[in-house]
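Asker: Can you keep this structure in mind? I'll have questions shortly.
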């Protein structure tokens, strides 16, 4: 059955057509996002939800979204999506961070010019028939120092445009490397240094716990007298009341504000102040940007629903379409390894350690990690998936670690998973052969070669004669048909293991009969999703 997507905000006809052209059923209801009750009534029908800023994806809405797999936000900001609730529900949240980068950067530059030359006030004055040429004395941008807070996609474009205006650019970004700063032609500085030196300050960071009120009253007071503040990023980054006070006192020379702490902003302490240019969140409001982000979100959601490719996800590692093709068998393997060890472990887990060898170590390891963790946790929580698994593991206090190494054996690459509990460590390793089928290659340090079957039975025993016969006779006597089996041992007469492939789940009475023989140390029926 074709995936089904709801478009609950205004998206271009071209974007909606992309879903249809890709074979996805789509309902275009651009006003339903504003109707919370109606949206909650219908959301359970859909695999995907495409939104802009009007639709609020709350925890309550997600509770009703039983089939939802992906939310696509046409734009950068996802303040209207409860990402934590989405992650717990196992729903991928995507945005389109590149579609409006140029548009937003250009708006920041435009506001900088408007504030520097007081263009809106001068325009209003001239329209009113006044000729107040001496009133509107501006400043040049050339040779001024621009402080850029956040040098990511948009911030880096602003830096480039500012350098073209012959401004000196200093940038504060904890994730900006010196090498990248050199490539951009900017000076990498700490925040306090930027505040003291900048003639203009522009913000290009998301709103997080770390960035909220980054231009607080205290930080604004550290700036040089006459500084001009530009914010096209997110409301809440600037203390609006403090900025208003410093504008009135003359310490801040002007401000260009496109985003506000409360939106729609119908009242604000900055409104009505001279040399404050305000726009109604227009950073991405160009024809080109709106079309770009709409097309991009439609392509991303279609790719995920049809191929499993994940792009620009905020709560899961991205996997390109090319990676999805190559990694598909490895992601299945990772899930099977996790499922095996999860079904084998009855006591609380303390840690999950994952080793990647050879070609496996060169893949998208974050995605493989998610698959392993999801496989492990499915036994206790069947609804967990690659999105929700890391969140659930963290909530349970399970530590996860990852190691990678160069090719170390006969296989081109393999994955080894070890689970640590208070009582023991348990490990399993696997690989993908050239036929694309996942294989178990080591259990408890014992080498084996076992494909993954839907219904399997795992046993341990001392390596003595008669074990295979006892397995066959006991299971056969209890109505269990063995399709195939794989054996392994460390040494003759030492510990041995068996993996049996059976046609149906092994009934409890058959497990009890095997226990009654006294020949087996551990007996565990296993189930795998091999679809």
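Numbering (the working numbering), first residue to last: 112 to 642. All C-beta atoms, glycine included, are put in the ideal place defined by N, C-alpha and C. All values reported here derive from a predicted model rather than from experimental measurement.
Ends of the beta strand (DSSP E) at residue 133?
Answerer: Segment: none, residue 133 is in no beta strand (DSSP E) and carries neither H nor E.
Asker: Measure the alpha-carbon distance for residue 464 versus residue 492 and round it to whole angstroms.
Answerer: For residue 464 and residue 492, the distance between alpha carbons rounds to 20 Å.
Asker: For residue 425, collect the residues of the same chain with a Cβ closer than 8 Å to its Cβ; drop the 5 residues on either side in sequence, then sort them by chain order.
Answerer: The residues are 189, 194, 204, 205 and 206.
Asker: If we require 4 or more residues per run, which alpha helix (DSSP H) segments fall completely within the stretch 285 to 345?
Answerer: Fully enclosed alpha helix (DSSP H) runs of 4 or longer: 289 to 295, 302 to 308 and 328 to 333.
Asker: Could you check where the alpha helix (DSSP H) with residue 437 kicks off and where it finishes?
Answerer: Looking at the DSSP string, the run of the alpha helix (DSSP H) that includes residue 437 is 432 to 455.
Asker: Give a yes or no on contact between the stretch 527 to 538 and the stretch 447 to 465, applying the rule of three or more CB pairs nearer than 8 Å.
Answerer: In short, these stretches touch, since the Cβ pair count reaches three.
Asker: Can you check whether the CB of residue 211 is closer than 9 Å to the CB of residue 409?
Answerer: No, the pair does not count as a contact, with Cβ atoms beyond the cut-off.
Asker: With DSSP as the reference, label residue 246 as helix, strand or coil.
Answerer: The answer is coil: DSSP assigns residue 246 none of H, G, I, E or B.
Asker: At the level of alpha carbons, what is the spacing between residue 622 and residue 522?
Answerer: Looking at the two C-alpha atoms, the distance is approximately 35 Å.
Asker: Is it the case that the stretch 237 to 248 contacts the stretch 331 to 348, given that we only count it when at least three CB pairs across the two stretches are under 8 Å?
Answerer: No, they do not touch.
Asker: Need the endpoints of the alpha helix (DSSP H) that residue 546 sits in, please.
Answerer: First-last for residue 546: undefined, no H or E at that position.
Asker: Report all residues from its chain with a CB closer than 6 Å to the CB of residue 236; omit the five preceding and five following residues, and keep chain order.
Answerer: Cβ within range, chain order: 243.
Asker: Hey, would you say residue 197 sits closer than 9 Å to residue 258, going by beta carbons?
Answerer: No, they are not a contact pair.
Asker: Could you check whether residue 412 and residue 201 sit closer than 9 Å to each other, using their CB atoms as the reference points?
Answerer: No.
Asker: From which residue to which residue does the alpha helix (DSSP H) around residue 631 run?
Answerer: Here residue 631 belongs to no alpha helix (DSSP H); instead the beta strand (DSSP E) covers 631 to 638.
Asker: Below 6 Å CB to CB, which residues in the same chain sit around residue 121 once its five sequence neighbours on both sides are set aside?
Answerer: Cβ neighbours of residue 121 beyond the five flanking positions: 141.
Asker: Between 574, 545 and 275, which has its C-alpha nearest residue 630's C-alpha?
Answerer: Nearest of 574, 545 and 275 to residue 630, Cα basis: 574.
Asker: Check whether the stretch 176 to 188 touches the stretch 154 to 161, counting contact only when three or more Cβ pairs, one atom from each stretch, lie closer than 8 Å.
Answerer: These segments touch.
Asker: Helix, strand or coil for residue 537? Go by DSSP, reduced to three states.
Answerer: Strand at residue 537.
Asker: Does the CB of residue 159 have a neighbour CB from chain B at under 9 Å?
Answerer: Going by chain labels, chain B is absent from the structure shown, which holds only one protein chain.
Asker: Measuring straight from C-alpha to C-alpha, what distance separates residue 624 and residue 633?
Answerer: Cα to Cα, residue 624 sits roughly 13 Å from residue 633.
Asker: Counting Cβ pairs closer than 8 Å, one from the stretch 290 to 301 and one from the stretch 342 to 358, do we hit at least three?
Answerer: Flag = no, the stretch 290 to 301 and the stretch 342 to 358 do not touch.
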